[in-house]
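Structure first, then comments.
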Amino acid sequence: MTNLLTIAHVSKAYGSVVALDDVSIDIAANEFFALLGPSGCGKTTLLRAIAGFEDPDAGTITMTDNTPTANPPTTIDLLALPPNKRPVNLMFQSYALFPHMNVRTNIAYGLEREGLPAAEITQRVDEVLEIVALTDKATARPQQLSGGQKQRVALARAIVKRPKLLLLDEPLSALDRKVRAEMQIELKRLQHEVGITFVVVTHDQEEAMSMADRIAVMHEGRVQQVADPITLYSKPANVFVADFIGSGTLICGTVTASGFDALGTRLPAPTTTTTGSAVLLLRPENVTLTTDPHHAPLRGTVVETHFYGGSSTTSIAVPGLDAPVIASHAGAPTVHAGAEVGITWDPTGAVVIPG
Amino acid sequence: MTAARSASGRGAARRRALNARAIFAGPGLLFITLFMTIPVVLVLVYSFFQRGRFGGVVWEFTLENYARAFEPVYVNVFTESLLIAGTTTVLALLIGYPTAYAIARLPQKWRTIALVLVVLPFWTNFLIRTYAWIVLLNSEGLLNRALVDIGFISAPLGLLYTPGAVIVGLLYAYIPLVILPVYASVERLDRQLLEAASNLGASRARVFFDITLPLTLPGAMIGAIFVFVPSMGNFVVPELLGGGKTVMVGNLIRDQFLETRDWPFGAVLALFVIALLVLLFALQAYISRRINGRTARA
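Residue numbers (my numbering), protein chains in the order written: chain Y, 1 to 355; chain X, 356 to 653.
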């Protein structure tokens, strides 16, 4: 994999508020990359810095052109270019469609700025209208479109420029749940089809997990972890990522030479090299309930059960833990609220996070 | 059965909403009826009858008043008024638009101060402000004195009592009426639209001419109407700063009602100005709709 975008040691503060704190991320060509984090974590600031609407206080953002025509590869210093000269297109959260232009003129706007011949502009707009299935809406004004259609116009307006890098700011947040699911698939398909590197900003972890090849989890202006979705879920680098990604139970304890001690007992855990205080992460699907509380590492009282058709989850209140332990398994619930149960897990199913 | 009942329920809800709307709109409607609709109808009615000797009307139908309005002397007054009001409007836009744009781009706290400064002259009596221009512009006035003193001119210029002085007076009086609506439309403009245009490759000048200007045009047109129409009808400024040499439609109408006591002819002239106003607002609404698609906004 070759790097397309290199973000190195980028920092940005607004007065005393630190929006970006020494952020370094490498994004590969043709990657679907997600910036994930709660609101205010700096992900949108980073996106706007790449597009040129924020000026970082420190750091560099460079783009490398690896196409066969660029031999040797050329590197562009993005921060040295004004926003209108950057080979990067941004799809705005609000879509920012020009209300005084119709769908076709909105999409053609960027190509006209490149000074392309009219015939080529028409052809490329027609192509992209076809891709987003809006050919019949070419003369409609943005106000006449539904949310999903507006989103597709905004996308079309960005990809018609054939940028190396497409930035998407919360692209699906304005859509209702059903349209959103369709659009996730659509975006993913489109990314393969047009071969553009996507960087998506989102606060929705399911969205990031289902679409992205790799995800950078951000919190308070810092990158917490950059990894593929499976690694993020199964090997979170710190407690924030463990808590933010997926659901699970966090148990504070101490790693000793012989095992993981918490709640006054020895808990099953994978062996680690470092000792000291640590947090044990239990994912719901790795938790097994037993009807024999006295021979299980933890025991507690069932608070509630939820049946989702194919699977069910059980919440168990364990003395000494603030939040209930969540267990999930296939099929209908096997226990009832109020029952005393034992909680057990395979040592390899738990994750020890130092900290 | 259920469908029928819920439909009648919706009807009742709609009636209640209408009643509520009537209550809220009531005072405004009453005011407009009493002080606008009835006077305009009166003016319309007067215009078709003959003048009374001491004002008022004699109830004998005639179209004479309309025919008279097209006599060259009155057409000239209209033409000159259009020229003066038109020049004032163009200048007001040229000065007011950039000012409003700059104010809208100030940090929030400075914006408020700047807007207060814009409307501050309104706190002084209009006549006094106009008299102040006499002090500034007359042959012994501040401007002439200063120009003579620095040796820029050898003898005072005849600044006062010219159409130019009238334009300056009108411009000064009405420029806040351009600044305020333009400010409102620039401030309401979605910044992301400008960023989107820039992201698509538009230079700063292109962003302004492609996005900012068309989307603030309806506001600028409202401002233009707010300047143009009262400039046409103003009779104080032409009298004080034009020295009676510049007769505008406003002076003519005032004279018909107060001096020559020809109410019907005054009514005809007033109707022409009203018709112009309606025409301009219709044009504004049309262009506004063209720009904003279906949702017409000022």
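Just so it is clear, CB atoms sit at the ideal spot from N, CA and C, and this is done for glycine as well. Predicted, not measured: the structure shown is a model, and the values here were computed from it.
Distance between beta carbons of residue j and residue i, contact taken as under 8 Å
i               : j               : result
Q205 of chain Y : L35 of chain Y  : Not confirmed; about 12 Å, so no contact.
V592 of chain X : A551 of chain X : The Cβ separation is near 44 Å, so there is no contact.
T305 of chain Y : V351 of chain Y : With a Cβ gap of about 25 Å, T305 of chain Y and V351 of chain Y do not count as contacting.
N286 of chain Y : D346 of chain Y : 7 Å
L166 of chain Y : T197 of chain Y : 7 Å
L321 of chain Y : P297 of chain Y : Actually they are not in contact, since the Cβ atoms of L321 of chain Y and P297 of chain Y sit about 13 Å apart, beyond 8 Å.
S436 of chain X : M576 of chain X : About 20 Å; that fails the 8 Å criterion.
M91 of chain Y  : I76 of chain Y  : At roughly 21 Å, the Cβ-Cβ gap does not stay under 8 Å, so M91 of chain Y and I76 of chain Y are not in contact.
A339 of chain Y : V303 of chain Y : Contact flag wrong, Cβ pair sits at about 10 Å.
T22 of chain Y  : S11 of chain Y  : Note that residue 22 of chain Y corresponds to Asp in the displayed sequence, not to Thr. With 8 Å as the limit, D22 of chain Y and S11 of chain Y qualify as a contact, their Cβ atoms being about 6 Å apart.
L544 of chain X : L514 of chain X : L544 of chain X to L514 of chain X, Cβ: 39 Å. No contact.
P606 of chain X : F590 of chain X : Residue identity check: residue 606 of chain X is Asn in the sequence provided, not Pro. That pair is a contact at about 4 Å.
V157 of chain Y : F33 of chain Y  : Correcting the residue identity first, residue 157 of chain Y is Arg in this sequence and not Val. Contact doesn't hold; Cβ gap of about 21 Å is too wide.
A49 of chain Y  : V88 of chain Y  : 11 Å between Cβ atoms; not a contact.
T288 of chain Y : T348 of chain Y : So it is not a contact: roughly 13 Å between Cβ atoms.
P284 of chain Y : T313 of chain Y : 6 Å
Q93 of chain Y  : S173 of chain Y : 6 Å
H203 of chain Y : S39 of chain Y  : 6 Å
T249 of chain Y : A323 of chain Y : 7 Å
Extent of the continuous alpha helix (DSSP H) to which residue i belongs
i               : result
M366 of chain Y : In the structure as shown, chain Y starts at 1 and stops at 355, and residue 366 of chain Y therefore has no counterpart that could be examined.
V628 of chain X : 618 to 647
V523 of chain X : 518 to 529
F477 of chain X : Taken as a continuous stretch (DSSP letters only), F477 of chain X belongs to no alpha helix (DSSP H), as it is neither H nor E.
E550 of chain X : 546 to 554
M587 of chain X : 568 to 588
R609 of chain X : 604 to 613
I159 of chain Y : 147 to 159
N499 of chain X : 497 to 504
V562 of chain X : 559 to 562
Beta carbon proximity, residue i to chain B, threshold 8 Å
i               : result
I393 of chain X : Absence of chain B from the displayed structure is noted, the protein chains being Y and X.
Bounding residues of the beta strand (DSSP E) (the contiguous stretch that carries residue i)
i               : result
P593 of chain X : First-last for P593 of chain X: 591 to 596, but that is the alpha helix (DSSP H), not the beta strand (DSSP E).
R406 of chain X : 404 to 406
I353 of chain Y : 350 to 354
Paired residues, beta bridge with residue i - DSSP
i               : result
D169 of chain Y : Y:V201
K12 of chain Y  : Y:L20
W359 of chain Y : No answer is possible for residue 359 of chain Y: the residues shown for chain Y start at 1 and end at 355.
E186 of chain Y : According to DSSP, E186 of chain Y bridges with nothing at all.
L5 of chain Y   : Y:I27, Y:M63
G410 of chain X : X:R408
E340 of chain Y : Y:T301
T388 of chain X : Looking at the DSSP assignment, T388 of chain X forms no beta bridge with any residue, so it has no partner.
F416 of chain X : X:F404
G383 of chain X : According to DSSP, which records beta bridges pairwise, G383 of chain X is partnered with nothing at all.
G253 of chain Y : Y:A278
Open item on the list: Would the region 74 to 83 of chain Y count as touching the region 98 to 114 of chain Y if we require 3 or more Cβ pairs under 8 Å?
Closed with: no
Worksheet entry | Whole alpha helix (DSSP H) elements within the region 423 to 457 of chain X, 4-residue minimum | none
Can you confirm whether the region 213 to 231 of chain Y touches the region 326 to 337 of chain Y when touching is taken to mean that 3 or more C-beta pairs between the two stretches lie within less than 8 Å?
no
Exercise for the section: With a floor of 4 residues, list each alpha helix (DSSP H) that falls wholly inside the region 256 to 331 of chain Y, ordered by position along the chain. Expected result: none
ask   = If you pair each beta-carbon of the region 425 to 434 of chain X with each one of the region 532 to 551 of chain X, do three or more pairs fall below 8 Å?
value = no
(message) If contact is defined by three or more beta carbon pairs under 8 Å, each pair taking one atom from either stretch, is the region 467 to 480 of chain X in contact with the region 498 to 518 of chain X?
(response) no
**Asked** Counting Cβ pairs, one atom from each stretch, are 3 or more of them under 8 Å apart for the region 385 to 405 of chain X and the region 260 to 279 of chain Y?
**Response** no
*Do the region 399 to 410 of chain X and the region 616 to 625 of chain X make contact, defined as three or more Cβ pairs closer than 8 Å?*
yes
Quiz item: What are the complete alpha helix (DSSP H) segments, minimum 4 residues, inside the region 190 to 250 of chain Y?
Solution: 205 to 211, 229 to 234, 239 to 244
### Message
Ignoring anything shorter than 3 residues, give me the beta strand (DSSP E) runs that lie fully in the region 50 to 118 of chain Y, in order along the chain.
### Response
58 to 65, 74 to 77, 88 to 91
message = If contact is defined by three or more beta carbon pairs under 8 Å, each pair taking one atom from either stretch, is the region 579 to 592 of chain X in contact with the region 437 to 457 of chain X?
response = yes
Worksheet item: Is the region 631 to 644 of chain X in contact with the region 560 to 569 of chain X, if contact means three or more CB pairs nearer than 8 Å?
Response: no
Three Cβ pairs or more, each shorter than 8 Å: is that satisfied between the region 595 to 605 of chain X and the region 511 to 523 of chain X?
yes
Practice prompt. Please specify which runs of the beta strand (DSSP E), each continuous and at least 3 residues long, are wholly inside the region 27 to 53 of chain Y, giving them in chain order.
Written response: 32 to 36
Three CB pairs or more closer than 8 Å across the region 169 to 185 of chain Y and the region 207 to 220 of chain Y:
yes
Practice item. Count the C-beta pairs between the region 276 to 284 of chain Y and the region 249 to 256 of chain Y that are closer than 8 Å, then say yes if the count reaches three, no if not. Key: yes
- Between the region 115 to 132 of chain Y and the region 168 to 183 of chain Y, do three or more beta carbon pairs fall short of 8 Å? no
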